[in-house]
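Chains A and B, in that order, give the protein sequences. Per our numbering, residue 3 is the first one in the first sequence, and the count goes up by one each step. Per our numbering, residue 124 is the first one in the second sequence, and the count goes up by one each step. Single-structure report; data block below.
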Amino acid sequence: MLSIKNLHASIEDKPILRGLDLDVKPGEVHAIMGPNGSGKSTLSYVLAGKEDYEVTDGSATLDGEDLFAMEADERAAAGLFLAFQYPLEIPGVATMTFLKAALNAQRRARGEGDLPTPQFMKLVREKADGLGISTDMLKRGLNVGFSGGEKKRNEILQMALLEPKLCVLDETDSGLDIDALKVVSEGVNALRAKNRSFVVITHYQRLLDHIRPDIVHVMAKGRIVRTGGPELAHELEARGYADYVGEAAA
Amino acid sequence: MNAEVRSIRTAAESALVEAFAAVGPSLPGGADVTERRAAALREIAERGLPTRRVEDWKYFDLRALMREARPLAAPISDAEIEAARALLPLAGFDAARIVFVNGQFCAALSDFDPLPEGASATWLADALGDDGAALLDRGEAPAGNAAVALNAAFVADGIVLRIAPGVAVARPIHVANVQTGAAHAAFGRVAVTAGEGASATIVESHVGSPEGHQTNTHVAVTLADRADVTLVKLQDEGLGTLHLATLTATLGAGAKLSSLALSAGSAAARQQVYLAFRGDRSTAEIRGAGFAGARRLLDTTLVVEHDALGCASREHFKTALDGEARSVFQGKIVVKPGAQKTDGKMMAQALLLSEGAEADAKPELEIFADDVVCGHGATVGALDDELLFYLKSRGIPQKEAEALMVQAFVGEVIETVEHEALRDALTARSERWLIARD
Ligand SMILES: Nc1ncnc2c1ncn2[C@@H]1O[C@H](COP(=O)(O)OP(=O)(O)OP(=O)(O)O)[C@@H](O)[C@H]1O
Ligand SMILES: [Mg+2]
């Protein structure tokens, strides 16, 4: 599904990713944990195609397709989805308008026609209900006046609607209360499928109690420094990152 | 006096003088009107068309933009009426429609009889006979304004609308102006008088073929005490047209004027607004949205004069520019001595979609009272890359992402139009611009 080899990326000539390798197979859930500033969000942005970052070496492919040869919107149409750590507010663009534009743009990119509005409305309502997102919120400007938790739920709504192949969740659990964490996790779990993969970036074991990963990675200083099973997350929770920070620096 | 007498006229100035000599005597109105017209033309003949050296016209060099004066439009032919029919704007919008083609009333395309209850109309030519030269007054516009003077000199057709005191006219009245046929000059005047406590919505539209027409309109509104008037304008002239437009407004006490203009067309357009509060506790909302691409020019020049107690004014203008287009906003809030408790806020915002686009804003306050709250601001910026990335990361292509954001930007102003069909039509027009970016 996702194959990253020796990825180096920098921002403003400052290297952030320094030889990162990651291989995610169809249907797998990978968790990435790591200290603040280790480059987790950078990795997600580089994959999604944010222009501020310069890829200086390495490759990333999604089902064999070179991600770096595509624009951000083309990557999305190819099946990549990034749930933002900090979803942005866009006043004046109604959430509903935005969802429709996104879904139809992806359908067009795949050579399908626009979804008729009544069908679209029904689809959104269905998915929004499950996530506790009200009609009023859908009418408001995108994320405008949404609480932190509502913004995160809105990210999951987009993911559910767009049905991507690869979902990268950047700290989707941060800012969520206990109930919202459950709602969001259930939303994610409902999307788990044998040809859909997840990369879940988080600082907390708590999320991984709900979304059970197959593989856990530790990222430090721009590289994956250790890979293990779900038990690795528990170990990190108990011991912190001290070992890895030293190791990667060496 | 700064009325320097120039011995050498430009081709346009000579043509205007000759045209007036030829048609002046046959323009409607009695001797006093003819004298008023002649005086207006003399201002142009003596001073010439304003150049950028005239402060008020610094960004809109009329002498350069009007190298030639187009001939006055000939009487409209059947073929022109048919061509105009195809161009008629706001077709799906239910209103009493009064249509002028090439500056001349066109009964065949109009559909207003009878006018909504409480509204009455007199054709300008008749009114000039009845009311005389006062109808050509400059209203709240400054003395010597070239666009106002040209209009007073040449305007032959137009309409005087009266809204009876106390009547709320629900059905909008739509004055449509269509230019078609060979490049020509067309003048128009709409005078609106709203009686005490009256309310009405007047819609004004301008469309035309791509030839280099020159249009000049003056809309003069007078609001008696507690009158409530909504003005909506769609300027969608052909892309070769030079559009000069003046709105003058005088407000009595407790009155409300709400105005929105969408500027989508023309090669160069200047919208002048001169508004004065003459009665206490009135409010005015003057808004504008504009788009331009290529090498087009949009100028908004506005003076809001607070000359009464406790009046509130809001001016909000937004333009989106592509290519090498340029927008100008010159706005001034004047607070006269004694106009205490004035509340005035003015904002001009421009969004530049290309390297070559340019926006100039000159907001000013001139305050002669001490107990007032006034503010102004101006912003010029590009689209936010972070927001664009967010949209693109959901599969929305660059151009479409930009369109969504520009629509949101101007939507803030367009959405203030309460009439739904009208708001939808203006939104649809902006969506079309976002595809063409012309
Ligand atoms: N726009 C930028 N300009 C300069 N440095 C940046 C920029 N964006 C990120 N960085 C730096 O890159 C490094 C990695 O940041 P990143 O946000 O990827 O970390 P992270 O692992 O997601 O951290 P956290 O756990 O706090 O979310 C940090 O040192 C950060 O300061
Ligand atoms: Mg991060």
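All residues carry an ideal CB built from backbone N, CA and C; glycine is no exception. All of these numbers come straight from a predicted model, not from anything done at the bench.
What are the residues that DSSP puts in a beta bridge with residue i?
| i | result |
| --- | --- |
| Arg-109(A) | According to DSSP, which records beta bridges pairwise, Arg-109(A) is partnered with nothing at all. |
| Gln-302(B) | Gly-331(B) |
| Lys-464(B) | Answer is none; Lys-464(B) lacks a bridge partner. |
| Arg-220(B) | Asp-234(B), His-297(B) |
| Cys-169(A) | Phe-83(A), Phe-200(A) |
Is residue i near ligand 2 - that is, is its Cβ less than 7 Å away from at least one heavy atom of it?
| i | result |
| --- | --- |
| Lys-16(A) | no |
| Val-160(A) | This sequence places Gln at residue 160(A); Val is not what is there. Checking every heavy atom of ligand 2 against the Cβ of Gln-160(A), none is found closer than 7 Å. |
| Lys-455(B) | no |
| Asp-175(A) | no |
| Gln-358(B) | no |
| Met-87(A) | For clarity, residue 87(A) is Gln in the given sequence; the question names Met instead. Yes, ligand 2 has a heavy atom inside 7 Å of this Cβ. |
| Asp-466(B) | no |
| Asp-172(A) | yes |
For a quick check, are the C-beta atoms of residue i and residue j less than 8 Å apart?
| i | j | result |
| --- | --- | --- |
| Gly-41(A) | Leu-19(A) | yes |
| Val-344(B) | Glu-327(B) | no |
| Arg-410(B) | Phe-440(B) | yes |
| Ser-381(B) | Ala-415(B) | no |
| Val-503(B) | Ala-484(B) | yes |
| Leu-488(B) | Ile-92(A) | no |
| Leu-346(B) | Ala-317(B) | yes |
| Ala-376(B) | Asp-348(B) | yes |
| Ala-103(A) | Glu-538(B) | no |
| Ala-471(B) | Ala-448(B) | no |
| Gly-479(B) | Thr-442(B) | no |
| Ala-50(A) | Leu-82(A) | yes |
| Ala-462(B) | His-429(B) | yes |
| Leu-163(A) | Leu-125(A) | yes |
| Ala-256(B) | Gly-289(B) | no |
| Thr-303(B) | Ala-206(B) | yes |
| Leu-370(B) | Arg-552(B) | no |
Give every residue of the same chain whose Cβ lies closer than 8 Å to the Cβ of residue i, excluding the five residues on either side of it in the sequence, and list them in chain order.
| i | result |
| --- | --- |
| Lys-27(A) | Met-3, Ser-199 |
| Leu-506(B) | Leu-474, Leu-476, Glu-525, Met-528, Val-529 |
| Ala-252(A) | Interpretation of Ala-252(A) is limited by its pLDDT of 38, a score under 50 that renders its predicted location unreliable; the figure taken from the coordinates is listed afterwards. None. |
| Gln-207(A) | Ala-235, His-236, Leu-238, Glu-239 |
| Ala-195(A) | Gly-29 |
| Ile-221(B) | Phe-228, Ser-233, Phe-235, Ala-244, Ile-282, Ile-296, His-297, Val-298, Ala-299 |
| Ile-204(B) | Val-224, Cys-229, Ala-231, Leu-232 |
Who are the near neighbours of residue i in its chain, counting only those whose CB is closer than 6 Å to its CB and skipping five residues on each side?
| i | result |
| --- | --- |
| Ser-61(A) | Lys-7 |
| Ala-240(A) | none |
| Gln-521(B) | none |
| Leu-150(B) | Ala-279 |
| Ala-306(B) | Arg-193, Glu-334, Gly-335, His-336 |
| Glu-114(A) | none |
| Arg-285(B) | Ser-243, Thr-316 |
| Ala-435(B) | Thr-406, Asp-466 |
| Trp-180(B) | Pro-173 |
| Ile-519(B) | none |
| Leu-354(B) | Ile-325, Ser-382 |
Which same chain residues end up closer than 7 Å to residue i when comparing Cβ atoms and leaving out the 5 residues on each side of it in sequence?
| i | result |
| --- | --- |
| Pro-37(A) | Ala-222, Tyr-243, Val-247 |
| Lys-153(A) | Pro-89, Asn-145 |
| Leu-273(B) | Ile-167, Asn-339 |
| Ala-250(A) | At Ala-250(A) the pLDDT is 44, less than 50, meaning the model places this residue with poor confidence; the figure from the coordinates comes in the next sentence. Excluding sequence neighbours, Ala-250(A) sits near Ala-222, Lys-223, Arg-225, Val-227. |
| Val-186(A) | Lys-154, Arg-155, Ile-158, Thr-174, Leu-178 |
| Met-212(B) | The identity of residue 212(B) in the sequence shown is Pro, whereas the question assumes Met. Excluding positions up to five away in sequence, the list reads Ala-299, Ser-328, Val-330, Leu-357, Asp-359. |
Between residue i and ligand 1, is the CB less than 7 Å from at least one heavy atom?
| i | result |
| --- | --- |
| Gly-41(A) | yes |
| Asp-54(A) | yes |
| Ile-13(A) | yes |
| Gln-207(A) | no |
| Asn-225(B) | no |
| Gly-150(A) | no |
| Asn-339(B) | no |
| Asn-145(A) | no |
| Thr-204(A) | no |
| Thr-44(A) | yes |
Please indicate yes or no: does the CB of residue i lie closer than 7 Å to some heavy atom of ligand 3?
| i | result |
| --- | --- |
| Gly-36(A) | Among the ligands in the structure shown, ligand 3 does not appear; only ligand 1 and ligand 2 can be found there. |
Problem - Residues within the segment 531-560 of chain B neighbouring chain A, beta-carbon criterion of under 7 Å - result: Ala-531, Phe-532, Gly-534, Glu-535
Handout entry: Interface residues of the segment 186-201 of chain A facing chain B [CB-CB below 7 Å]
Key = none
Handout entry: Residues of the segment 181-197 of chain B with Cβ closer than 7 Å to any Cβ of chain A, in chain order
Key = none
Handout entry: Interfacial residues, the segment 501-530 of chain B to chain A, with Cβ spacing under 8 Å
Key = Answer in chain order: Asp-508, Glu-509, Leu-510, Phe-512, Tyr-513, Leu-514, Lys-515, Ser-516, Arg-517, Gly-518, Ile-519, Pro-520, Gln-521, Glu-523, Ala-524, Leu-527, Met-528, Gln-530.
Practice task
Could you list the residues in the segment 47-63 of chain A with a C-beta less than 9 Å from some C-beta on chain B, going in chain order?
Solution key: Tyr-47, Ala-50, Gly-51, Lys-52, Glu-53, Asp-54
Practice task
Closer than 8 Å, Cβ to Cβ, to anything on chain B: give me those residues from the segment 119-132 of chain A, in chain order.
Solution key: none
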